[in-house]
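Trainee: In this note's numbering, the protein residues as written are 3 to 579.
#1: With a threshold of 16 other CB atoms inside 10 Å of the CB of residue 3, please say whether the residue is buried or exposed.
#2: Helix, strand or coil for residue 320, going by three-state DSSP, please let me know.
#3: The alpha helix (DSSP H) with residue 184 in it runs from where to where?
#4: Return the chain-ordered list of same chain residues with a C-beta closer than 6 angstroms to the C-beta of residue 549, the five sequence neighbours on each side being excluded.
#5: Distance, Cα to Cα, residue 339 vs residue 357?
#6: Residue ranges of each alpha helix (DSSP H) run of no fewer than 4 residues wholly in the stretch 473-535, ordered along the chain?
#7: Cα-Cα, which of 130, 376, 512, 167 is closest to residue 109?
#8: Where do the N-terminal and C-terminal ends of the beta strand (DSSP E) with residue 231 fall, by residue?
#9: How would you call residue 536, buried or exposed, if buried means at least 16 neighbouring beta carbons within 10 angstroms?
#10: Reducing DSSP to helix, strand and coil, say where residue 261 ends up.
#11: Anyone know if the C-beta pair for residue 150 and residue 270 falls short of 9 angstroms?
#12: So, using beta-carbon positions, are residue 276 and residue 317 closer together than 9 angstroms?
#13: Which of the three DSSP states, helix, strand or coil, is assigned to residue 336?
#14: In three-state terms, what does DSSP make of residue 270?
#15: Just tell me which of 161, 170, 153, 371 has its CA closest to the CA of residue 211.
#16: Could you spell out the range, first to last residue, of the alpha helix (DSSP H) harbouring residue 80?
#17: How big is the Cα-Cα spacing for residue 88 and residue 60?
#18: Where residue 246 and residue 260 are concerned, what is the direct C-alpha to C-alpha distance, given to the nearest angstrom?
#19: If we ignore side chains and look at the alpha-carbon of each, how far apart do residue 56 and residue 449 end up?
#20: With a CB to CB cut of under 6 angstroms and the five nearest residues on each side skipped, what residues in its chain are close to residue 524?
#21: In three-state terms, what does DSSP make of residue 345?
#22: Could you tell me the alpha carbon to alpha carbon distance between residue 487 and residue 385, rounded to whole angstroms?
#23: Which residues share a DSSP beta bridge with residue 212?
#24: Going by DSSP, what residue range makes up the alpha helix (DSSP H) through residue 148?
#25: With distances taken Cα to Cα, identify the nearest neighbour of residue 92 among 82, 86, 102, 78.
#26: Just to confirm before moving on: does the CB-CB distance between residue 447 and residue 516 stay below 9 angstroms?
#27: Spell out the partners DSSP gives residue 16 in its beta bridges.
#28: Do residue 58 and residue 126 have their C-beta atoms within less than 9 angstroms of each other?
#29: With a threshold of 6 angstroms on Cβ separation, who are the neighbours of residue 343 within its own chain once the five nearest residues in sequence on each side are excluded?
#30: Using the Cα positions of residue 359 and residue 416, report the straight-line distance between them to the nearest angstrom.
#31: DSSP on residue 109, reduced to helix/strand/coil?
#32: Count the CB pairs spanning the stretch 414-429 and the stretch 398-406 that are closer than 8 angstroms, and state whether there are at least three.
#33: So, does the stretch 20-32 touch the stretch 127-147, judging by three or more C-beta pairs under 8 angstroms?
#34: Go ahead and label residue 145 buried or exposed: buried means 16 or more other beta carbons lie within 10 angstroms of its beta carbon, across all protein chains shown.
#35: According to DSSP, is residue 454 part of a helix, a strand, or is it coil?
#36: For residue 349, collect the residues of the same chain with a Cβ closer than 6 angstroms to its Cβ; drop the 5 residues on either side in sequence, then sort them by chain order.
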């Protein structure tokens with residue numbers, strides 16, 4: 003018995019030893035994508051930092067995130083000092099600071115925005131940090147990026163000068179981080195129902211100063227230094243048109259805590275080491291970002307779209323990490339005298355986790371690169387429309403896929419997969435559930451896509467952009483036929499969807515098409531990536547992976563699971579790194 007136990011533990015040690023020590027150097031696809039999507043001089047300039055942070059993420063960050071997510075180490079509300087001074091603070095375990103230093107200081111995830119446009123580089127770094135799950139800081143990274151973009155794009159010069167340099171600092175303990183508080187008890191997806199009020203209170207920092215009154219229901223990164231929030235400005239119209247976007251500093255200029263109160267922390271299923279709270283605002287000092295009547299437009303442009311892209315990239319990182327855990331375990335774990343990676347059923351699971359994580363990464367970084375071109379003013383209106391719709395479709399589909407990938411990885415580990423202390427997988431699953439509802443549920447995004455498609459310029463811009471990316475891939479054209487077919491089906495059936503008077507029914511009709519178009523988007527991005535693979539043998543297997551993905555998600559017939567299929571999934575499952 004002791005000998006068998008020793009062999010089993012040796013298998014586990016082999017599994018742990020084969021996990022990558024660097025999430026960047028171990029990822030051939032990530033390097034291939036960045037080399038293609040980045041200007042050559044930028045890629046060579048930033049590659050040393052990608053490699054450095056890949057090692058930090060796989061070691062320092064990953065270990066600190068494990069410690070920080072233990073039950074006794076989660077954030078606690080600390081509203082008053084020992085002498086009774088109000089401070090509305092959070093008490094965090096030292097491992098929370100270790101995660102923060104790794105992400106913000108070593109990873110420079112926000113200071114990256116000092117060099118514009120920065121979306122591709124920032125998303126690549128975020129992808130690496132997301133291998134550790136949310137880690138208490140990855141949601142705040144997305145929120146802080148929204149603060150940076152709002153300050154850069156719409157704030158007064160004086161307000162920008164007052165706060166932006168500190169937000170862009172890369173020294174942990176000296177920098178300012180951000181949050182975005184949109185949700186109210188009666189208004190989640192229905193942002194127009196928000197009721198928190200803003201009343202004018204003079205002028206300061208080159209803009210209107212306001213006082214905020216009301217309750218925000220779900221406030222993530224509750225201890226943030228700078229809060230971006232929506233509020234209904236005095237005298238404005240109803241609905242989203244009456245919402246302004248405001249910057250609320252945690253501290254007033256005299257050093258006192260601003261006039262808001264943390265009611266309680268949320269007890270969440272996932273992202274538990276990142277504090278979320280209910281917060282009451284009782285005259286909090288705030289500053290308008292841009293013209294107050296442009297508030298909702300700024301929310302969408304600088305806050306929501308930014309977070310949705312981060313969400314997609316974060317899900318790609320979660321999926322990649324889940325695949326690494328599962329594939330390494332399958333090679334080490336023995337059953338009936340053979341590694342379980344030898345069994346076709348396991349190979350099929352690993353083939354799907356591999357290609358799913360790969361298509362998600364390709365599409366997320368391709369969209370980030372396209373957004374860079376948009377922000378640099380290098381594209382026309384149809385391409386801007388393509389990027390806008392793509393961000394929403396990606397957010398909808400990637401979190402669904404990462405959820406399935408983590409579940410498949412947990413199944414690969416068997417009973418061990420459900421044990422929190424055994425692997426990162428249970429935490430990745432819990433974090434992913436929060437990602438699925440962060441910045442729009444699946445239904446919300448389908449409804450948003452319907453509204454966008456009802457505008458011909460947006461609909462045609464997206465379709466023309468997708469078709470333009472399909473057509474040059476001549477040698478992969480046969481594999482991509484299901485993607486062409488998805489476009490054609492949508493165009494045939496769109497008139498009936500558009501004529502439906504009930505928007506709810508229209509969204510119901512659109513949903514399968516939205517998902518099919520999202521799958522086509524993923525496949526096209528991966529096809530562009532695979533076309534750049536220099537190793538002929540590897541490229542052939544990655545082309546098989548592309549066909550596997552398309553057959554599963556856009557195929558019209560039943561997949562034939564025969565010996566040829568078994569050979570295909572065996573080859574795909576063996577693709578490493």
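All C-beta atoms, glycine included, are put in the ideal place defined by N, C-alpha and C.
Mentor: According to the data block:
#1: Burial call: exposed.
#2: Three-state result, residue 320: helix.
#3: Where residue 184 is concerned, there is no enclosing alpha helix (DSSP H), given that its DSSP letter is neither H nor E.
#4: Spatial neighbours of residue 549 in its own chain (CB-CB distance under 6 angstroms, excluding positions within 5 residues in sequence) are listed in chain order as 481.
#5: It is roughly 28 angstroms from the alpha-carbon of residue 339 to the alpha-carbon of residue 357.
#6: Runs of the alpha helix (DSSP H) inside the stretch 473-535: 483-501, 505-532.
#7: Taking residue 109 as reference, the option from 130, 376, 512, 167 with the minimal CA-CA separation is 130.
#8: Where residue 231 is concerned, the enclosing beta strand (DSSP E) stretches over 228-235.
#9: Per the 10 Å Cβ criterion, exposed.
#10: Three-state DSSP puts residue 261 in coil, outside helix and strand.
#11: The answer is no: Cβ separation not under 9 angstroms.
#12: No, Cβ-Cβ distance for residue 276 and residue 317 is not below 9 angstroms.
#13: DSSP places residue 336 in strand when its eight states are reduced to three.
#14: Reduced to three states, the DSSP call for residue 270 is coil.
#15: The shortest Cα separation from residue 211 among 161, 170, 153, 371 belongs to 161.
#16: First-last for residue 80: 78-82, but that is the beta strand (DSSP E), not the alpha helix (DSSP H).
#17: A direct Cα-Cα distance of roughly 39 angstroms separates residue 88 from residue 60.
#18: Whole-angstrom Cα-Cα distance: 19 angstroms.
#19: One Cα belongs to residue 56, the other to residue 449, and the distance between them is close to 37 angstroms.
#20: Around residue 524: 361, 365.
#21: Three-state DSSP puts residue 345 in coil, outside helix and strand.
#22: Approximately 22 angstroms between the Cα atoms of the pair.
#23: 202, 288.
#24: Looking at the DSSP string, the run of the alpha helix (DSSP H) that includes residue 148 is 140-156.
#25: Nearest of 82, 86, 102, 78 to residue 92, Cα basis: 78.
#26: Yes, they are a contact pair.
#27: Bridge partners of residue 16 according to DSSP: none are assigned.
#28: For residue 58 and residue 126, no; Cβs fall outside 9 angstroms.
#29: Closer than 6 angstroms at the Cβ level, and outside the excluded window around residue 343, lie 332, 333.
#30: CA-to-CA, the gap between residue 359 and residue 416 works out to about 21 angstroms.
#31: Three-state DSSP puts residue 109 in coil, outside helix and strand.
#32: Fewer than three beta-carbon pairs drawn from the stretch 414-429 and the stretch 398-406 are found closer than 8 angstroms, and the two stretches are therefore not classed as touching.
#33: As far as the Cβ criterion goes, the stretch 20-32 touches the stretch 127-147, which means the pair count is three or higher.
#34: Around the beta-carbon of residue 145, 16 or more other beta-carbon atoms lie within 10 Å, marking it buried.
#35: For residue 454, the secondary structure class from DSSP, reduced to helix, strand or coil, is helix.
#36: Once the five neighbours on either side are set aside, the close Cβ partners of residue 349 are 571, 572, 575.
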